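All remarks here apply to the structure that follows.
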Amino acid sequence: MLYASNLLDDLLSDASTKRQHYEENPDDIFELIAEILTNVVAHRLRRNLTVELARRQDDLTRVRGRIDHMRTESHHLLQRGRIACVFDEFTADTQKNRLVRQALDKLSQTPGLKAEWRRLCRTYSEALERVGVGKDVTDPFGSGSPNSSITVGTVRNPEDQRMLAAAKLALYLRIPTEDEGTEYLALDRRHELWKLFENAVAGFYKVTFPEWDVQHGSKIVWQKDASSRGIDSILSNMYPDITIERTDPHTGKRSRMVIDTKFTEITKENQHNQDKLDNEHIFQLYTYLRSREKGACDDISRTSSGMLLYPSAGADVDEWFTTQGHVIRFATVDLSADNKDIRTRLIRLIQSNPGTARTLGTTS
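Counted from 1, the sequence shown has number 160 at position 161 by numbering that gives the first Met the number 0; the numbering is strictly sequential.
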């Protein structure tokens, strides 16, 4: 969830040894979240929190905004020298700032968090209270879901995006399982898990290999030799999950790999009761590779490779074949393994080149 979050800038700037510590000690992950959240809250407090216009009603000694005649008359306010007014004013007591405070309060009560971090979280929660930020937030993300009415990506201020992303992690750092528990995940929300898996893989490669060009959800435009006048208005573009371009440190040669993640089993049973790969997945990846070919002058497009990556629970699959100059690979990553093994698996899949003895560029 950390790799899939909007905190990649913080991870990229963090020391690799520190990142590895949190990967190998997942119980300490709240320490990293607390550090990121308190740092960004401190920065926002120094520069003033983002405020919003809010409707307010109050009994004043002078007219402000619109007069509430009904309340003024029914409460006999004029006899006491007051007038009921309804007006708009800028306030830091917004739903977004409230949920940040809620996240700080939750971290301050997290048993596994060191006392110094719990104390710091309480300090910044009190600081938010002093500038007028309330405490109560009713399910800010909607039904306990990370995808909700408060969407990090719609917030314009980058600092607010980081603050909300860290708050979101602190509030909803929960991994769904099939074991009996206290909460339920509706089947129609499996899409959230698929996006989480895709974003996590993309984030992992961005952080682990910062020297590579890792693109997430980049657009592929059809290369048309000829077309009708209205085709562009009805033709959809293609968006592969992850595209990685890198330079071989031994030869200086550029290469490209397209990764498409699927949140399903790698094989499914056909009409003959045989486990087979999904043809639609293969055709989709094949189209991604062939549609970017630009002729003999562009070697990177003619030799690019593709990988369909699936999550698994104990299964270990890594198969491939070559067609028309392109390697197409089918692999799983066992999410039931420990963090170290998952990391090793993801690195080996991206570094090894099937069919050759050479490994592609590495990072220290």
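Where is the CB? At the ideal position from N, CA and C, for every residue including glycine.
Because the structure is a prediction, the values reported are computed rather than measured.
So what's residue i in DSSP terms, helix, strand or just coil?
| i | result |
| --- | --- |
| Tyr2 | coil |
| Arg61 | coil |
| Lys134 | coil |
| Ala225 | coil |
| His20 | helix |
| Ile349 | helix |
| Ala114 | helix |
| Cys296 | coil |
| Ser142 | The predicted model places Ser142 with a pLDDT of 40, which falls under 50 and marks its position as unreliable, so this point remains unresolved. |
| Leu98 | helix |
| Arg167 | Residue identity check: residue 167 is Lys in the sequence provided, not Arg. Looking at Lys167 - three-state DSSP - the assignment turns out to be helix. |
| Asp159 | helix |
| Val257 | strand |
| Ser290 | coil |
| Ser304 | strand |
Just the Cα atoms here: how many angstroms apart are residue i and residue j?
| i | j | result |
| --- | --- | --- |
| Gly202 | Ala3 | 6 Å |
| Thr286 | Tyr238 | 11 Å |
| Gln273 | Gly324 | 29 Å |
| Thr93 | Val50 | 7 Å |
| Leu1 | Leu31 | 10 Å |
| Gln350 | Arg255 | 12 Å |
| Glu34 | Leu98 | 17 Å |
| Ala169 | Leu106 | 7 Å |
| Thr122 | Gln56 | 31 Å |
| Gly305 | Arg155 | 35 Å |
| Thr343 | Val332 | 10 Å |
| His68 | Val132 | 30 Å |
| Glu292 | Ala165 | 41 Å |
| Leu450 | Arg81 | Residue 450 lies beyond the range of the chain shown here (0 to 363); nothing can be said about it. |
| Lys205 | Ile327 | 22 Å |
| Phe208 | Pro248 | 13 Å |
| Ile281 | Pro157 | 38 Å |
| Cys296 | Gln222 | 16 Å |
| Thr322 | Glu115 | 57 Å |
| Lys134 | Leu345 | 41 Å |
| Val130 | Asp9 | 27 Å |
| Asp240 | His271 | 32 Å |
| Phe89 | Val213 | 41 Å |
| Phe320 | Asp224 | 29 Å |
| Ser124 | Ile233 | 51 Å |
| His20 | Asp27 | 9 Å |
| Trp193 | Ile230 | 31 Å |
| Arg46 | Ala91 | 13 Å |
| Gly294 | Asp340 | 40 Å |
| Glu72 | Gln78 | 10 Å |
| Asp298 | Pro353 | 18 Å |
Would you list the residues sitting across from residue i in a DSSP beta bridge?
| i | result |
| --- | --- |
| Tyr309 | Thr331 |
| Gln214 | Thr242 |
| Leu276 | Thr266 |
| Gln56 | Val85 |
| Trp319 | Arg328 |
| Glu72 | Paired residues: none, contrary to the question. |
| Glu51 | Thr90 |
| Ile233 | Beta-bridge pairing links Ile233 to no other residue. |
| Ile219 | Met237 |
For residue i versus residue j, is the C-beta distance shorter than 7 Å?
| i | j | result |
| --- | --- | --- |
| Arg161 | Val39 | yes |
| Arg70 | Ala53 | no |
| Leu284 | Asp259 | yes |
| Ser290 | Gly313 | no |
| Arg245 | Trp211 | yes |
| Ile265 | Val316 | yes |
| Leu76 | Asp58 | yes |
| Leu163 | Asn96 | no |
| Val220 | Asn198 | no |
Between residue i and the rest of its own chain, which residues show a CB-CB distance below 6 Å, the 5 nearest in sequence each way excluded?
| i | result |
| --- | --- |
| Phe29 | Thr109 and Leu112 |
| Ser217 | Thr242 |
| Thr250 | none |
| Ala102 | Ala166, Ala169 and Leu170 |
| Leu119 | Thr37 |
| Arg65 | Val85 |
| Thr302 | Gly324 |
| Leu364 | In the structure displayed, the chain extends from 0 to 363; residue 364 sits before or after that span and is not available. |
| Leu348 | Ala330 |
Among the residues of its own chain, which have a CB less than 7 Å from the CB of residue i, if the five just before and after it don't count?
| i | result |
| --- | --- |
| Asn269 | Lys275 |
| Phe196 | Thr260, Phe262 and Pro310 |
| Asp277 | Lys267 |
Leaving aside the five residues before and after residue i along the sequence, list all residues of the same chain whose C-beta is less than 8 Å from its C-beta, in chain order.
| i | result |
| --- | --- |
| Asp425 | It is not possible to answer for residue 425, since the shown part of the chain is limited to 0 through 363. |
| Thr60 | Gly80, Arg81 and Ile82 |
| His42 | Glu158 |
| Leu308 | Val200, Ile258, Asp259, Thr260, Lys261, Ala330, Thr331, Val332 and Leu348 |
| Glu318 | Arg328, Phe329 and Ala330 |
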